[in-house]
Amino acid sequence: MAAAARVQCHNNTSLTGSPLPRRRRNSPTLHFSPNRVNFTPLKWIGDGSSSCTRMVSGPSLKGGTTTVRAALEEEKKTDAVSEVVEEEKRFTCVMKFGGSSVATAERMREVADLVLTFPEESPVIVLSAMGKTTNNLLLAGEKAVSCGVSNASEIEELSVIKELHLRTVKELEIDPSVVSSFLEELEQLLKGIAMMKELTLRTRDYLVSFGECLSTRIFAAYLNKIGVKARQYDAFEIGFITTDDFTNGDILEATYPAVAKRLYDDWMDDPAVPVVTGFLGKGWKTCAVTTLGRGGSDLTATTIGKALGLQEIQVWKDVDGVLTCDPTIYKRATPVPFLTFDEAAELAYFGAQVLHPQSMRPAREGGIPVRVKNSYNPKAPGTIITKTRDMTKTVLTSIVLKRNVTMLDIASTRMLGQVGFLAKVFSIFEDLEISVDVVATSEELDHVVEELEKIAVVNLAKGRAIISLIGNVQHSSLILERAFHVLWTKGINVQMISQGASKVNISLIVNDAEAEGCVEALHKSFFESGDLSELLIQPRLGNGSPVRTMQVEN
3 MAAAARVQCH NNTSLTGSPL PRRRRNSPTL HFSPNRVNFT PLKWIGDGSS SCTRMVSGPS
63 LKGGTTTVRA ALEEEKKTDA VSEVVEEEKR FTCVMKFGGS SVATAERMRE VADLVLTFPE
123 ESPVIVLSAM GKTTNNLLLA GEKAVSCGVS NASEIEELSV IKELHLRTVK ELEIDPSVVS
183 SFLEELEQLL KGIAMMKELT LRTRDYLVSF GECLSTRIFA AYLNKIGVKA RQYDAFEIGF
243 ITTDDFTNGD ILEATYPAVA KRLYDDWMDD PAVPVVTGFL GKGWKTCAVT TLGRGGSDLT
303 ATTIGKALGL QEIQVWKDVD GVLTCDPTIY KRATPVPFLT FDEAAELAYF GAQVLHPQSM
363 RPAREGGIPV RVKNSYNPKA PGTIITKTRD MTKTVLTSIV LKRNVTMLDI ASTRMLGQVG
423 FLAKVFSIFE DLEISVDVVA TSEELDHVVE ELEKIAVVNL AKGRAIISLI GNVQHSSLIL
483 ERAFHVLWTK GINVQMISQG ASKVNISLIV NDAEAEGCVE ALHKSFFESG DLSELLIQPR
543 LGNGSPVRTM QVEN
C-alpha cells in the first residue's frame, strides 16, 4: 500500500529551511502477514525562509497557480492517506482467553491459530493462568504453612505446576528460560511461607500471580516463534491500579489513562501484539500485587477495552456463549444470542460461570459490545452483550442456580418506625464479610408493644438454593404465573420471592435437594414449550392485563 506523509513545520525548521531531526518511529501498522508500507518522496513548498514551510509528496511545484492548486489537491489526498495510517495504528479489540483455552501446549497452538484467523484485527490479548494452575498455587500455599521449610520443595502441587509449564515450553519448542526463573522464585516463595508459617492475603495474591505471569510469557514467546511479533505485559506494571483489598481489589479510575498511554506509546515505538496478564493489579498505597477476585481476567479485558476505546471485547470461553441454564444441570441448554449489560451482570452475580460480576461496568461505560465466544468452537455465533436490545418479545433470558444457600428470616418489632434498623442488620453482615443475596423481612404488628424491647428473632434455614429467572421483568406476572404452575405441578414449595433492583431478575428460594429438578422443569416450560411468543402478542385490556388467561401446556 502506498502512503504519503505531511508534516506541519511551524517553528520547526533550521535557518536553511531543513527540518529539525525528529524522533524516528517504526511503522505503526501491524499485520500478521508481511505487508510493506511505502512512503512517497517528500518535497518542499516555499524557499525555506518561512516559518510555515510544508512538506508534501508529489511533483515539483513549478508552473504558477495551477501547479499550486494541484499541490493542494495532492495535500488533501495526503491527509486522507494519513488518516488511514492513523486508523491502522490503533488496536481494534481485546481477545481474552480463559484458563481452559490455554491449558496445554496444544490449546495454546489452537488459540494462536485462532488469533491468526483474524488478520484484519489488531488485538490486545488477555490470558488467564493455565488450566488449574491457580487452584494448585493456592493448595501449595496452604500446604507450605504447615509442611516445614525442608519439605516445601516437595509439595505435590508445586511439582504439578513445574511439570506443566516445563512440558508446555518443550512442546512449543521455546526457550525454557522463559519460565525457569519464575518457577525458581515460586519455590523460594513457598519456602518463605513455610518459614513464616502463615499465608497472609497479601502473600496469597502474590502467590497466585505466578499463574498469569507464566502463561502470558509462554504464549508471547510462542507468538514470536511463529512470526507474530508479541510483547508480554504484567498488568500491575502497565497501570492497573487497585484498592489495597487483597484477593478482591477494585480498579481505580487512574488505571484507564495509564494503561492507554503505556500500550499506545509502546505500540508507536515498536509495534507488537500485547499479551497481558488477566486478574492482576497493583495496590495504590502498598504497591503490592493485588488480584481482582475469581474470574477477574474478564474485568481486565473490559478495562483495557474502555481504556483504549476499542470496537469490541471478545471473551473466549469453553462454552458457546451465555447459555439458557447451566449445561451441567440440564444438557439441552442453548446459547442466548443477545444480552444487555444489566442481564449479564445479574447472571454473573447470581452464579453463572461465564463472566466476572463487575466486568460489565467498564464495557457499559465505554459503550463497547462484549462478544462471548467458544475457543473450542469458534464458528459458533456466541453471545453479544450490548447496552440495550429489543425486549418486546423477550420473556425469559436465562435461569441461574446458586446452591448451598442459608436463608435468614428476621422478625422484629424493632423494625417498626425505627430509623436505621436494616442498616444495623446489614452492617453486621458487612463486618463479617458475608454476602446478602436476597432479603426477607416481616413484622408482627399485633405484638408491637410486647416485642418492642426484644432482640430480633432469626429463623435460620440451611440447605436452600436460589433460582434466579433473568429476563424482562415487565412480564413479571407472566413469569411468576408460569413458574409457580410448573413448580406446583412438581409439588415444590417456593419459600421466598425477591425481585432485584435491576429490574431484570426474579429470585425464588427452594430446597437445595429439589433445585436441579426445578431448573430442568422451568427450562422445558420457558424455552421448549413454544407457546410464550403467542402470549406476548395477544390483545390486552386498558390496564395491561391479557384479554384471555394464560393456558399452560403440561
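If you use my numbering, the sequence shown corresponds to residues 3 to 556, in order.
Glycine included, C-beta positions come from ideal geometry on N, C-alpha and C.
Being a predicted model, the structure only gives us computed values, none of them experimental.
The alpha-carbon separation between I315 and T491 amounts to approximately 43 Å. In the assembly as shown, P359 is a buried residue. Its beta-carbon has 16 or more other beta-carbons within 10 Å.
No Cβ-Cβ contact shorter than 8 Å links W318 with F93. Between I163 and K395, the alpha-carbon positions lie close to 49 Å from each other.
As for any alpha helix (DSSP H) of minimum length 4 sitting wholly inside the stretch 237–273, the runs are 257–271, ordered along the chain. Shown here for I494: same chain residues with a beta carbon closer than 7 Å to its own, the five before and five after excluded, namely V512, E516, C520 in chain order.
In the displayed model, T106 falls within coil according to three-state DSSP, outside both helix and strand. By the beta-carbon neighbour count (other beta carbons within 10 angstroms, threshold 16), R109 is buried. Here DSSP, grouped into helix, strand and coil, assigns P121 to coil. Separation of the CB atoms of T305 and L341 is rounded to 20 Å, and the pair is thereby denied contact status at 8 Å.
Between the alpha carbons of S155 and E189 lies a gap of roughly 6 Å. In this structure, E345 places its C-beta atom within 8 Å of the C-beta atom of T399. In this structure, F529 lies near T326, with their beta-carbon atoms less than 8 Å apart. Look at the stretch 316–393 and you find these whole runs of alpha helix (DSSP H), each 4 residues long or longer: 343–351, 362–368. Relative to V407, the option among M498, W286, S361 whose CA is nearest is M498.
For F486, the secondary structure class from DSSP, reduced to helix, strand or coil, is helix. Rounded to whole angstroms, the separation of the alpha carbons of A262 and T202 is 32 Å.
Looking at R219, S531, E522, A114, the one whose alpha-carbon comes closest to that of Y332 is E522.
By the criterion of at least three beta-carbon pairs nearer than 8 Å, the stretch 113–128 is in contact with the stretch 371–390. Shown here, I306 sits in a helix according to DSSP, grouped into three states. Excluding the 5 residues flanking it on each side, F352 has same chain C-beta neighbours closer than 8 Å at V402, K404, D439, I468, S470, I472, N507, S509, in chain order. By the neighbour-count definition (other C-beta atoms within 10 Å, threshold 16), P364 is a buried residue.
Straight-line measurement puts the Cα of A290 at about 23 Å from the Cα of P276. In the DSSP assignment, M97 is bridged to I127, Q316. The beta-carbon separation of G298 and I370, rounded to 18 Å, does not stay under the 8 Å limit for a contact. With a 10 Å radius around the Cβ and a threshold of 16 neighbouring Cβ atoms, M97 comes out buried. Counting only residues of its own chain and dropping the five nearest sequence neighbours on each side, F281 has a CB closer than 7 Å to the CB of S130, E214, T293, L294, G298, S299, T302.
The shortest C-alpha to C-alpha distance from R111 to any of T170, G133, K193 is the one to T170. By the Cβ-count criterion, G194 is exposed, with fewer than 16 other Cβ atoms from all chains shown falling within 10 Å of its own Cβ.
In the three-state scheme derived from DSSP, where H, G and I count as helix and E and B as strand, K284 is classed as strand. In this structure, G143 sits away from R204, with a CB-CB distance that is not shorter than 8 Å. Note on A232: 16 or more other CB atoms within 10 angstroms of its CB, so buried under the neighbour-count rule. Minimum Cα-Cα distance from K375 among the listed residues G368, I387, R366 corresponds to I387.
Within the DSSP secondary-structure output, N507 pairs in a beta bridge with I472. For T396, no alpha helix (DSSP H) segment is defined, and its DSSP state is neither H nor E. Listed in chain order, the non-local C-beta contacts of E518 below 6 Å within the same chain comprise I331, local neighbours out to five positions each way being set aside.
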